[in-house]
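Protein chains in written order, with my numbering: chain A, 87 to 194; chain B, -2 to 477.
Built from N, CA and C at the ideal position, the CB exists for glycine as well.
Everything below concerns the one structure shown next.
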Amino acid sequence: MTKEAGVTIDDVRRVAELANLELTPEEEPRMQRDLNAILGHIAQLNELDTAGVPAMAQVGEMLGGVVDTAGTMLRADALRPSLARETVMAAAPESDGRFFKVPKVIER
Amino acid sequence: MELESLTIDGSRNAVASGEMTATAMAELHFEKITSGDGEINSFLALSRERAMSQAAKIDGMAAKGEPLPVLAGVPVGIKDVLAMRGAPATAGSLILKGYMPPYDATVVAKLDAAGAVLLGKLNCDEFAMGSSNENSAYGPVLNPRALDRVPGGSSGGSAAAVAASFAVATLGTDTGGSIRQPAAFCGVVGVLPTYGRVSRYGLIAFASSLDRVGPLAKNVKDAAAVLQTIAGKDVMDATSSDRPVDDYVGGLVKPVEGLRIGVPTEYFGEGLDPEIRSAIDGVIAGLKMAGCAVQPVSLPHTKYAIPTYYVIATAEASSNLSRFDGVRFGLRAEEANTLSAMFRKTRDAGFGAEVKRRILLGTYALSAGYYDAYYRKAQQVRTLLTRDFLAAFSEVDVLVAPVTPTPAFKLGEKTDDPIQMYLEDIYSVAASLAGICGVSVPCGATNDGLPIGVQVLGKHFDEATMLRVAQAVETGQQRA
């Protein structure tokens, strides 16, 4: 949270590209305004000295849970029935029945 | 039959005693929905076929005198972020319009196995992102207690359906307050179980370190009964806990005398509506009368909960929502010639403004150069917030606090200012970040007749004590 001019329109476009979002010209300034307002609110976190405080990903680790390197939390890796292919493919926007079909991948 | 006062015991007993068939019970609820939900908009889809087939099965068992399962014939509704066979799952989004999941979420399968009759799917903020249900692509839900007000969100449909007696109980999800806040706004009971207590398999993920599934119901006992049914280890969800599930319903009859109640000072500061403050004071006085020891406690990092939440939740959402790309299910923008254009156009057409805002914020917070400043910082503050609760719970058994700073606000009142909307969650997000359990219980109304909720927060995996205090609050209300 460095002190800088805040989020620019170019930042909004760059982040939108990273997120695979295409914003309309009307959406861009609105998103810029909102992101700056929200990040301004988030900047409060800088008031806290968190040196030496461990980062917490989820609560399990705070309850004395250990990292499960042995994989004991995982279910047995055994064969079991899965959904039928045609059931899954029925939900796809475009399919040949075996595979998902998408537009051209190579763009040049 | 009076649907307004119909509980789980009431509906199950009516079916078990032969007073009413499960089929008639289901029909009665569908009629109520058909006549009343045009205005409220709580259901996005009805699953009539599945409901009637389950009802017929229960009626067949009853006719043969077979033992009936615990929720036999009880009409329930499911928030539309959960997968349920035979019904669409849209998550309130256009990007999933028409998507029919080919399987049941574990919680749905458990309700089904317990004999519940699944009425349909309930409206919600798009991908559970919102505090008013105004972010649904399928229109807002109205608050059945005051039609010019929001029902709260994101489980607005789940709360409204219970308040309007369209269902005896419903499932909602809570990532930052999305069960507790709508429960408070609509005057029903809503439970946020401990992180890991209830399986999320089949839940369309928003923020995986925060998302939880829980019940909404007309009273504490019903909420406890639904929680009892859905709680427990699930091999399909590695984050679910194998700790034994306590007897929630049986535990409700234990006295609360001698329990230590903490009142967090930071939850009663500036911005709390005076009528809500006074209602919570009344609850605390009642618990003292019932023999509880009440003491103030401090959760010093409370004011940092919202900024922490909006970094972590949006970062996780930006990752989780990358799966909606027009390839395997849901919407696909047709006018794209290349794969990357198809992704962008599909997501632009399919996501609403709030979802885009959160994806952008989360992507920004995780992007090169900002990760340590935002995401890591927020994860560290999350540790401090959790330590606050662990310290408080070394002195007290539960915490009692408001759920929301204000009663239900008017439709359109906060839609232009995301920060104002986010601040609605000021008393609910810290518990979400810390993974503890919580429940919202009705505790009166404002002079304008708007419901007020009180929040009881419990230790990790101590839903039993939390619900016991909630029951005492409810009993106190009935006496008052």
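Per-residue burial, residue i [other beta carbons within 10 Å of its own, 16 or more giving buried]
i, result
"B/Leu328", "buried"
"B/Pro141", "buried"
"A/Lys89", "Bear in mind that the predicted position of A/Lys89 carries a pLDDT of just 42, short of 50, making it too unreliable to give a figure here."
"A/Phe185", "exposed"
"B/Lys374", "buried"
"B/Glu471", "buried"
"A/Ile192", "exposed"
"B/Met286", "exposed"
"B/Ser237", "buried"
"B/Gly366", "exposed"
"B/Val232", "exposed"
"B/Glu28", "exposed"
"B/Ile5", "buried"
"B/Ser206", "buried"
"B/Ala388", "exposed"
"B/Thr170", "buried"
"A/Asn106", "buried"
"B/Gly126", "Note on residue identity: the sequence assigns Met, not Gly, to residue 126 of chain B. The residue is buried, with at least 16 neighbouring Cβ atoms inside 10 Å."
"B/Ser175", "buried"
Other residues of its chain near residue i: CB distance less than 7 Å, five sequence neighbours each side excluded
i, result
"B/Tyr192", "Arg209, Gly432"
"A/Val93", "Gln118, Leu121, Asn122, Leu125"
"B/Ser315", "Ile356, Gly359, Thr360, Leu363"
"B/Ala48", "Ala23, Val114, Leu115, Leu116"
"B/Asp371", "Before going on, a small fix: residue 371 of chain B reads as Tyr here, not Asp. Only Val308, Ala362 meet the Cβ criterion."
"B/Thr226", "Val67, Leu68, Lys107, Leu108, Ala111"
Residues that residue i bridges to, as DSSP identifies them
i, result
"B/Phe40", "B/Leu119"
"A/Pro111", "Answer by DSSP bridge pairing: none, since A/Pro111 is not bridged."
"B/Arg257", "B/Ala290"
"B/Gln452", "B/Ala398, B/Ser437"
"A/Ser240", "A question about residue 240 of chain A goes unanswered here, because the residues of chain A that appear run from 87 up to 194."
"B/Thr335", "A/Lys190"
"B/Leu200", "B/Leu79"
"B/Ala228", "B/Val195"
"B/Lys407", "B/Arg146"
"B/Val114", "B/Pro72"
Cβ neighbours of residue i in the same chain (closer than 6 Å, five flanking residues each side left out)
i, result
"B/Ser129", "Val147, Gly150"
"B/Cys289", "Val253, Leu256, Ile258"
"A/Met87", "For A/Met87, the predicted structure reports a pLDDT of 44, less than 50, and the residue's modelled location is therefore unreliable. The matter cannot be settled from this model."
"B/Ile273", "Pro399, Ile449"
"B/Leu25", "none"
"B/Gly268", "Pro402"
"B/Ala554", "The shown model of chain B, from -2 to 477, leaves out residue 554 of chain B, and the question about it has no answer."
"B/Ala333", "Met339, Lys342"
"B/Asp56", "Thr18, Ala19, Thr20"
"B/Arg522", "Residue numbering for chain B in the displayed model covers -2 to 477; residue 522 of chain B lies beyond these limits and cannot be assessed."
"B/Gly473", "Gly283"
Beta-carbon proximity list for residue i, same chain, < 8 Å, skipping 5 on both sides
i, result
"B/Glu16", "Asn10"
"B/Leu249", "Val217, Lys218, Ala221, Leu464, Arg465, Gln468"
"B/Ala86", "Asp77, Val78, Leu79, Ala80, Leu93, Tyr96, Met97, Pro98, Lys118, Ile201"
"B/Asp101", "Ala80, Met81, Arg82, Asp109, Gly199"
"B/Val260", "Ile281, Val291, Gln292, Pro293, Val294, Leu396, Val397, Ala398"
"B/Ala405", "Asn140, Arg142, Ala143, Arg146, Val147, Pro148, Gly149, Phe182, Cys183, Leu447, Pro448"
Span of the alpha helix (DSSP H) around residue i
i, result
"B/Ile437", "The amino acid occupying residue 437 of chain B in the given sequence is Ser; Ile does not appear at that position. First-last for B/Ser437: 434 to 442, but that is the beta strand (DSSP E), not the alpha helix (DSSP H)."
"B/Leu249", "No alpha helix (DSSP H) holds B/Leu249; DSSP gives it neither H nor E."
"B/Ile309", "302 to 317"
"B/Pro415", "415 to 420"
"B/Lys107", "103 to 110"
"B/Gly473", "460 to 476"
"B/Ser429", "426 to 431"
"A/Glu172", "171 to 175"
First and last residue of the uninterrupted beta strand (DSSP E) at residue i
i, result
"B/Pro214", "Checking the sequence, you will find Ala at residue 214 of chain B rather than Pro. Element bounds for B/Ala214: 209 to 214."
"B/Val395", "395 to 399"
"B/Pro271", "Element bounds for B/Pro271: not the beta strand (DSSP E) but the alpha helix (DSSP H), 271 to 286."
"B/Lys76", "72 to 76"
9 Å Cβ cut-off: residues of chain E touching residue i
i, result
"A/Gly146", "The structure shown contains no chain E; the protein chains it does contain are A and B."
Can you list, in chain order, the stretches of the alpha helix (DSSP H) that have 4 or more residues and sit fully within the stretch 124 to 195 of chain B?
DSSP runs (the alpha helix (DSSP H)) wholly in the stretch 124 to 195 of chain B: 153 to 160, 177 to 183.
Report the residue ranges of all alpha helix (DSSP H) runs contained in full by the stretch 100 to 148 of chain A; include only those spanning at least 4 residues, in chain order.
DSSP runs (the alpha helix (DSSP H)) wholly in the stretch 100 to 148 of chain A: 113 to 128.
Could you tell me which uninterrupted beta strand (DSSP E) segments, each at least 3 residues in length, are contained entirely in the stretch 9 to 61 of chain B, listed from first to last along the chain?
Inside the stretch 9 to 61 of chain B, DSSP marks whole beta strand (DSSP E) runs of 3 or more residues at positions 40 to 43, from first to last along the chain.
Kindly provide the ranges of any alpha helix (DSSP H) runs that are 4 or more residues long and lie completely inside the stretch 338 to 391 of chain B, ordered along the chain.
Fully enclosed alpha helix (DSSP H) runs of 4 or longer: 350 to 363, 374 to 389.
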